[in-house]
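All remarks here apply to the structure that follows.
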Amino acid sequence: MKDFAGKIAVITGGGTGMGRELARALTAEGCSVFMCDVSEANMAETARLCRDGAPQGTKIGTFRADVAIEQEMNAWAEAVRREFDTDKIHLLFNNAGIGGGGSFVAGDRAAWERTFGICFYGVINGVRAFLPLLKNADEGHIVNTSSVNGFWATLGPGRPHTAYSAAKFAVKGFTEALIVDLAMHAPHIHCSVVMPGHIGTEIAGNSMLIQGGVSDELVFAIEAQGIDPKALSEAQMIELANAGFRDTAPTSAAEAAAIILAGVRAGRWRILVGKDAEFLDQCVRDDPENAYTPGFIDRLHQAGHMGLV
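In the working numbering, the protein residues as written are 107 to 415.
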């Protein structure tokens with residue numbers, strides 16, 4: 107799909123981060139966008155930014171939905187049909203995700219299930235809800251967001267990251283299997299898996315809000331900055347987490363969106379986002395047996411990568 111003008115795209119997690127920047131980039135090219143998110147306020151701001159940069163006649167829609175709940179995703183698909191007066195879409199971006207549920211052994215089960223439900227079943231629910239509309243288009247493309255944690259299942263030695271990593275591995279595997287499935291049963295639809303490194307988004311604080319508590323990963327990140335988490339209010343922790351993750355990222359959300367869309371144009375099924383993602387991918391391939399040893403993370407740090415994640 108070389109040209110997005112005149113197409114229709116749907117994006118999960120469109121309120122902030124890469125979802126927002128994908129919406130802005132697509133609408134700037136004349137692609138109509140319908141987004142979902144759990145924050146209506148964040149979506150309203152994304153829609154405003156999109157309208158400011160979009161050609162006349164470009165449609166922009168919002169719908170509050172939790173991607174982990176299949177009925178809400180189905181209701182969103184019906185809203186797209188109704189409000190855009192269409193029986194087809196061309197692009198599906200399963201972008202929504204949160205962190206949390208770090209330890210399967212010692213952590214909170216509810217946080218684990220919530221993270222896995224959004225990061226993996228959110229993708230499944232998105233594909234199920236919109237596959238009929240993609241089938242009705244003359245060409246279609248599904249873009250599923252995994253992560254570097256979809257091929258490296260940790261944040262480093264002593265830092266379990268099981269829910270997020272397991273979900274992102276599952277997204278990668280599902281997407282690869284879907285490529286073959288689509289080639290047999292809907293060959294006009296293509297599929298890509300996106301694996302970002304450290305991207306400048308607000309996932310750290312947003313995850314805390316959705317999980318309803320402070321995660322072990324967040325406490326670790328704050329302590330790594332030499333700050334006592336006990337001295338902070340919840341609002342301060344959220345802002346500090348967002349600033350620490352967003353403002354130190356080597357790749358901005360807008361840059362990530364540009365890389366993803368370039369990958370779609372090029373027909374690539376595997377899209378690594380960021381120099382850190384490219385380096386980590388190569389390191390894991392070169393030395394898989396030692397990928398979870400202290401020496402491996404030292405190699406990443408010496409190369410200037412993965413310092414804060």
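For every residue, glycine included, the Cβ atom is placed at its ideal position computed from N, Cα and C.
Apart from the five residues just before and just after residue i, which ones in its own chain have a Cβ nearer than 8 Å to its Cβ?
i           : result
residue 402 : 389, 393 and 396
residue 333 : 346
residue 385 : 406, 409 and 411
residue 263 : 398, 399, 400 and 403
With a CB to CB cut of under 6 Å and the five nearest residues on each side skipped, what residues in its chain are close to residue i?
i           : result
residue 325 : 335
residue 127 : 359, 360 and 363
residue 241 : 292
residue 414 : Note that residue 414 has pLDDT 47, beneath the 50 cutoff, so the model's placement of it is unreliable and the number below is only indicative. 354.
residue 135 : 110 and 111
residue 210 : 268
residue 229 : 200, 250 and 277
residue 196 : 113, 114, 243 and 246
residue 176 : 231
Where do the ends of the beta strand (DSSP E) carrying residue i lie?
i           : result
residue 247 : 246 to 251
residue 169 : 166 to 170
residue 296 : 295 to 302
residue 129 : Taken as a continuous stretch (DSSP letters only), residue 129 belongs to no beta strand (DSSP E), being part of the alpha helix (DSSP H) at 123 to 134.
residue 107 : First-last for residue 107: undefined, no H or E at that position.
residue 116 : 114 to 118
residue 141 : 138 to 143
For residue i, which residues of its own chain have a beta-carbon under 7 Å away from its beta-carbon, when the five flanking residues on both sides are left out?
i           : result
residue 285 : 297 and 375
residue 120 : 126, 129, 141, 142, 143, 149 and 152
residue 373 : 296
residue 382 : 303, 304, 356, 411 and 412
residue 273 : 221, 222, 225 and 226
residue 157 : 166
residue 145 : 121
residue 190 : 114, 138, 140, 165 and 167
residue 178 : 171 and 172
Would you kindly report the start and end of the unbroken alpha helix (DSSP H) that includes residue i?
i           : result
residue 376 : Segment 376 to 379 is the beta strand (DSSP E) holding residue 376; no alpha helix (DSSP H) there.
residue 149 : 146 to 159
residue 360 : 359 to 371
residue 280 : 268 to 291
residue 198 : Run containing residue 198: none in the alpha helix (DSSP H); it sits in the beta strand (DSSP E), 197 to 200.
residue 236 : 228 to 241
residue 402 : 400 to 408
residue 186 : 176 to 189
residue 218 : 215 to 222
Would you tell me roughly how many angstroms separate the C-alpha atoms of residue i and residue j, rounded to the nearest one?
i           : j           : result
residue 137 : residue 187 : 16 Å
residue 174 : residue 224 : 5 Å
residue 246 : residue 118 : 17 Å
residue 407 : residue 233 : 37 Å
residue 116 : residue 356 : 27 Å
residue 399 : residue 258 : 12 Å
residue 412 : residue 370 : 26 Å
residue 379 : residue 281 : 17 Å
residue 217 : residue 248 : 28 Å
residue 147 : residue 222 : 25 Å
residue 307 : residue 251 : 14 Å
residue 172 : residue 309 : 16 Å
residue 212 : residue 278 : 26 Å
residue 168 : residue 387 : 35 Å
residue 214 : residue 265 : 15 Å
residue 329 : residue 133 : 40 Å
residue 344 : residue 159 : 30 Å
residue 180 : residue 161 : 29 Å
residue 300 : residue 337 : 37 Å
residue 409 : residue 260 : 18 Å
residue 391 : residue 237 : 33 Å
residue 275 : residue 366 : 19 Å
Mark residue i as exposed unless 16 or more other C-beta atoms lie within 10 angstroms of its C-beta, in which case mark it buried.
i           : result
residue 255 : buried
residue 404 : exposed
residue 184 : exposed
residue 426 : The structure shown does not extend to residue 426, since the chain is modelled only from 107 to 415, so the question has no answer here.
residue 294 : exposed
residue 199 : buried
residue 313 : buried
residue 317 : buried
residue 289 : exposed
residue 131 : buried
residue 352 : buried
residue 368 : exposed
residue 113 : buried
residue 163 : exposed
residue 341 : exposed
residue 202 : buried
residue 253 : buried
Does any residue of chain D have a CB that is nearer than 8 Å to the CB of residue i?
i           : result
residue 130 : The structure shown has no chain D; it contains just one protein chain.
Handout entry: Given 8 Å, three or more beta-carbon pairs between the stretch 197 to 209 and the stretch 263 to 280
Key = yes
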